[in-house]
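What follows is a single structure, written as structure tokens, with notes after it.
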Amino acid sequence: DTHLSLVVCPSHLCIQWKEQIEKHSNLKVMLVTTKPQHNAAPSKYFKHDIIITSEKFLTGSHYTKLLKDEYKIRKQQSKSSALSFGSVVDNMWNSEPSGLFSQAAKGGNKKQYMLFTDIKWKRIILDEGHEFVITPIPKTPFLRKQALEKPNFKKIMETINKLESHTNWYLTATPFPSVEHGAAVAEFLKIKLSLPNGNPPPQMDIECYNTFMNRPQGYVIHQVMHGYLFSRNTKTNIGEENHLPQELQSEQIIEFHPIERALYKMTVAHKMNNWEKIARKICAQAHDVWEFGGYGTSTRTLEDLLRNTIRRRTNLLHQTNENVWSIENRMRNPNFLERRESLLQQKQKLEEKIAKYSCDLEILEDPKLRQAIDKWNTEMKHLGSVYRNTPELGTKISAFLQWTKDTLKDERNRIVIFSQYQYTLTTCERLLKREDIKIVWCKGNVHMRQKALAAFQSEDWDQTSARVLMLSLCQAAAGANLTKATHICLLDPVAGAEESAYTTEIQAVGRAVRQAMDNDRPCRIVRFIVKDTIEHELYLRNHKKWREEDKGGTQSKQEEDDSAAVRAEGLDGIID
Numbered sequence: 001d002t003h004l005s006l007v008v009c010p011s012h013l014c015i016q017w018k019e020q021i022e023k024h025s026n027l028k029v030m031l032v033t034t035k036p037q038h039n040a041a042p043s044k045y046f047k048h049d050i051i052i053t054s055e056k057f058l059t060g061s062h063y064t065k066l067l068k069d070e071y072k073i074r075k076q077q078s079k080s081s082a083l084s085f086g087s088v089v090d091n092m093w094n095s096e097p098s099g100l101f102s103q104a105a106k107g108g109n110k111k112q113y114m115l116f117t118d119i120k121w122k123r124i125i126l127d128e129g130h131e132f133v134i135t136p137i138p139k140t141p142f143l144r145k146q147a148l149e150k151p152n153f154k155k156i157m158e159t160i161n162k163l164e165s166h167t168n169w170y171l172t173a174t175p176f177p178s179v180e181h182g183a184a185v186a187e188f189l190k191i192k193l194s195l196p197n198g199n200p201p202p203q204m205d206i207e208c209y210n211t212f213m214n215r216p217q218g219y220v221i222h223q224v225m226h227g228y229l230f231s232r233n234t235k236t237n238i239g240e241e242n243h244l245p246q247e248l249q250s251e252q253i254i255e256f257h258p259i260e261r262a263l264y265k266m267t268v269a270h271k272m273n274n275w276e277k278i279a280r281k282i283c284a285q286a287h288d289v290w291e292f293g294g295y296g297t298s299t300r301t302l303e304d305l306l307r308n309t310i311r312r313r314t315n316l317l318h319q320t321n322e323n324v325w326s327i328e329n330r331m332r333n334p335n336f337l338e339r340r341e342s343l344l345q346q347k348q349k350l351e352e353k354i355a356k357y358s359c360d361l362e363i364l365e366d367p368k369l370r371q372a373i374d375k376w377n378t379e380m381k382h383l384g385s386v387y388r389n390t391p392e393l394g395t396k397i398s399a400f401l402q403w404t405k406d407t408l409k410d411e412r413n414r415i416v417i418f419s420q421y422q423y424t425l426t427t428c429e430r431l432l433k434r435e436d437i438k439i440v441w442c443k444g445n446v447h448m449r450q451k452a453l454a455a456f457q458s459e460d461w462d463q464t465s466a467r468v469l470m471l472s473l474c475q476a477a478a479g480a481n482l483t484k485a486t487h488i489c490l491l492d493p494v495a496g497a498e499e500s501a502y503t504t505e506i507q508a509v510g511r512a513v514r515q516a517m518d519n520d521r522p523c524r525i526v527r528f529i530v531k532d533t534i535e536h537e538l539y540l541r542n543h544k545k546w547r548e549e550d551k552g553g554t555q556s557k558q559e560e561d562d563s564a565a566v567r568a569e570g571l572d573g574i575i576d
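Printed below as a string of structure tokens:
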């Protein structure tokens, strides 16, 4: 029975927990995430206040093997000796403990390791708890049973639930994805149900939870768990203790270059396979769309891309016409009468492709497109480098690059770039490096992500320091320490279901603003949106919910009209 608290968190957050505790308190912290760290003397553990470990360590081969060895030792002791486990615990402070620590003999030398099951913790803190039991559960009973029996689903929670403690804390900002998830949390929190007729209270687990879900007790369980047991710290409540900087949000609504607009219209006209993905790539940088002949050394400007696309469509049209003629010849051959129906279907599909390629060429070779390009070259080039670079970089990337240069002129500024698409971040990385802008990309394993965040957060700034951090909006945002960020750049609106997209974006933005409390200036959030595209539609859809939150659930008539116009007209570009 000790004063120790145990923090179990994802691997990439262990260092952050240690740094923040030491920064804001005088508590002594010990990190146990590797085998050498675990090989500390027992007395060292009890000289600290908080032990931090990761789920990877608790489920790794080293620790699980120690648990199995210790179980065998105690089983043998219980058979051959009258020594009770309680008396073993009383010997915990002895210099030469036996039974308390797993002993692994290697090369004749015995190593002793402290097992977390041998300590009764004051509290156990499960941080980002949704990551431990996030495995989706199928609805089909048979598949559901199989999923629950998978080792990866219950392995970490079974290990944690075996630890003794006075108090358990479950920390997360993510809603429960399933009933089973809520049951797993209830089991971790050691919830028990009081039953009538003097029946013993059952320990809450998934089976018990499901038993009472369709009964009146199920309603009570939900009311107690969600209404009383869980605490929701709102922005207002937290603001009473900590000052949350006010974010300043802005949008850069960008006009397409005429060639990008033509390629975009061509993509959405026929709803080709993966057309939404291709459309978003065009918004990011059309040069990298291989469907238009991109990725080649010959594609240096939008004009090159246009010529390559016309040449590619012309060749495809010619090849498809030849295939149609071949099929028609085979259909006139008496030997192919039995396959006539199959040949007709093939011909029909090829004729659809011919119509598609002909329509594409009509769009790309339209004289009005050439007039629009000449007009753009005349009117736009004198407006600055952002427009001069557009033919080579594309509209959005050119605007983003110019904004980044202007922002970094102030040496105090540091930028976090969010995108949900790998190809967008890859393009930004390549172009920023070409401009000699030092960046770090938070990706890879735990150590690589921690190294990238540490470089961005460094207090020792010089001309070679990284002042731009790139993050995947969907993968790497959780738990990222962004206390030095002054500007947040969202390169694309979040796709997917409306509620999911809203949650993803608000968590990323909220984390950046919340973590920016170290700065004496408000955090600036900038979104880059290409006008009259699928991006614009997603932006209006996602931010309808933002506006409803800000206005208490109401929406102005003009905002409703704007959203309805985009939905009604699709992607034809009718927004003023």
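Residue numbering for the sequence shown follows our numbering, beginning at 1 and increasing consecutively. Each residue gets a CB set at the ideal place from its N, CA and C atoms; glycine is no exception. Quantities reported herein were computed from a predicted structural model and do not represent experimental measurements.
Check each candidate in K396, I160, Q223 and name the one with the smallest Cα separation from A286. As a position in the sequence shown, residue 286 is number 286, starting the count at 1. Of all alpha-carbon atoms in K396, I160, Q223, the one lying nearest the alpha-carbon of A286 is that of K396.
- Should V220 be labelled buried (16 or more other beta-carbon atoms within 10 Å of its own) or exposed? Here residue 220 corresponds to residue number 220 of the sequence shown, with the count starting at 1. Its Cβ having fewer than 16 others within 10 Å, V220 is exposed.
Handout entry: Minimum C-alpha distance to Q249 - residue among R74, H487, T2, A355
Key = Translated into the one-based positions of the sequence shown, residue 249 becomes position 249. Closest by alpha carbon: H487.
Select from L31, L369, P10 the residue whose C-alpha is nearest the C-alpha of E19. Here residue 19 is taken as the residue at index 19 of the sequence shown, counted from 1. Between E19 and the set L31, L369, P10, the nearest pair of CA atoms involves L31.
Quiz item: How do the stretch 406-424 and the stretch 306-314 stand: do at least 3 beta-carbon pairs fall below 8 Å, yes or no?
Solution: Taking 8 Å as the limit for Cβ pairs, the verdict is that the stretch 306-314 does not touch the stretch 406-424.
Rounded C-beta distance between D389 and L401? I'm assuming under 8 Å.
By one-based count along the sequence shown, residue 389 stands at place 389. By one-based count along the sequence shown, residue 401 stands at place 401. It is worth fixing the name first, because residue 389 is Asn in this sequence and not Asp. A Cβ-Cβ separation of about 7 Å places N389 in contact with L401 under the 8 Å criterion.
**Asked** How many Å lie between G99 and R74 at the Cα?
**Response** Within the sequence shown, residue 99 is the residue found at index 99, counting from 1. Within the sequence shown, residue 74 is the residue found at index 74, counting from 1. Here the model assigns G99 a pLDDT of 40, short of 50, so the residue's position is not dependable and the matter cannot be decided.
Does DSSP put V7 in a helix, a strand or coil? Position 7 of the sequence shown, counted from the first residue, corresponds to residue 7. V7: strand per DSSP, three-state reduction.
- Return the residue from the list E55, D118, V526 that minimises the CA-CA distance to E70. Counted from its first residue, the sequence shown places residue 70 at position 70. Comparing Cα-Cα distances from E70 to each of E55, D118, V526, the minimum goes to D118.
CA-to-CA distance, M470 to L490, given in whole angstroms = Numbered from its first residue, the sequence shown carries residue 490 at position 490. Numbered from its first residue, the sequence shown carries residue 470 at position 470. Their Cα atoms are separated by approximately 10 Å.
Q. Under the DSSP definition of a beta bridge, which residues are partnered with C489?
A. Your numbering for residue 489 matches position 489 in the sequence shown. For C489, which the question treats as bridged, DSSP gives the partners I417, V526.
- Chain-order list of residues whose beta-carbon lies under 6 Å from that of K56 (same chain, five-residue window excluded): Here residue 56 refers to the residue found at position 56 of the sequence shown. If we look at K56 and ignore the five residues flanking it on each side, its Cβ neighbours are S11.
Checklist entry - In this structure, does DSSP put L473 in helix, strand or coil? => result In the sequence shown, the residue the question calls residue 473 occupies position 473. Residue state, collapsed to three classes: coil.
Q) What are the partner residues of R123, as DSSP defines its beta bridges? A) In the sequence shown, residue 123 corresponds to position 123, counting from 1. Note: R123 sits in a beta bridge opposite S5, T167.
Residue from H447, V440, L473 with nearest C-alpha to T464: Locating residue 464 in the sequence shown gives position 464, where the first residue counts as 1. When only C-alpha atoms are compared, the closest one is V440.
- prompt: When the Cα atoms are used, what is the spatial distance from Q112 to E505?
  reply: If you number the sequence shown from 1, residue 112 lands on position 112. If you number the sequence shown from 1, residue 505 lands on position 505. Q112 and E505 have their C-alpha atoms spaced approximately 47 Å apart.
Which same chain residues end up closer than 6 Å to T159 when comparing Cβ atoms and leaving out the 5 residues on each side of it in sequence? For the purposes of this step, residue 159 is taken as residue 159 along the sequence shown, with counting starting at 1. Once the five neighbours on either side are set aside, the close Cβ partners of T159 are L58.
If distances are taken between C-alpha atoms only, which option among L66, D532, S342, S472 comes closest to Q507? Mapped onto the sequence shown, residue 507 falls at position 507. For Q507, the nearest C-alpha among the options comes from S472.
Inset, instruction - Spell out a yes or no on whether the stretch 123-132 and the stretch 156-174 are touching, meaning 3 or more CB-CB pairs, one atom from each, closer than 8 Å. - result: Verdict: yes, contact present.
Next on the checklist: Applying the 10 Å Cβ sphere with the 16-neighbour rule, what's the burial state of H3?
Outcome noted: On the sequence shown, residue 3 is found 3 positions in, with the first residue counted as 1. Its Cβ having fewer than 16 others within 10 Å, H3 is exposed.
Do you know whose CA, among E379, M380, K347, T320, lies nearest Y357's CA? Here the question's residue 357 lines up with position 357 in the sequence shown. The alpha carbon of Y357 has as its nearest neighbour, out of E379, M380, K347, T320, the alpha carbon of T320.
With DSSP as the reference, identify every bridge partner of E251, one or two as the case may be. Start at 1 with the first residue of the sequence shown, and residue 251 comes out as number 251. DSSP lists R527 as partners of E251.
So, is Q16 buried or exposed, given that buried needs 16 or more other C-beta atoms within 10 angstroms?
As a first step, residue 16 is located in the sequence shown; it is residue number 16 there, counting from the start. With 16 or more Cβ atoms within 10 Å of its Cβ, Q16 is classed as buried.
- Measure the beta-carbon distance from I529 to I253 and round it to whole angstroms, keeping in mind my assumption that it falls under 8 Å. Stepping through the sequence shown from its first residue, residue 529 is reached at position 529. Stepping through the sequence shown from its first residue, residue 253 is reached at position 253. The distance from the Cβ of I529 to that of I253 is about 5 Å, consistent with a contact at the 8 Å cut-off.
Go to S465, then tell me how far its beta strand (DSSP E) extends in each direction, as first and last residue. As a working note, residue 465 is residue 465 in the sequence shown. If you look at S465, you'll find it isn't in any beta strand (DSSP E); DSSP assigns it neither H nor E.
Could you please give me the residues that DSSP links to S54 through a beta bridge?
The residue given as residue 54 occupies position 54 in the sequence shown. Beta-bridge pairing by DSSP links S54 to C9.
Q) CB-CB under 6 Å to H38, same chain, minus the five flanking residues each way: which ones, in chain order? A) Walking along the sequence shown from the start, residue 38 turns up at place 38. V32, Y113.
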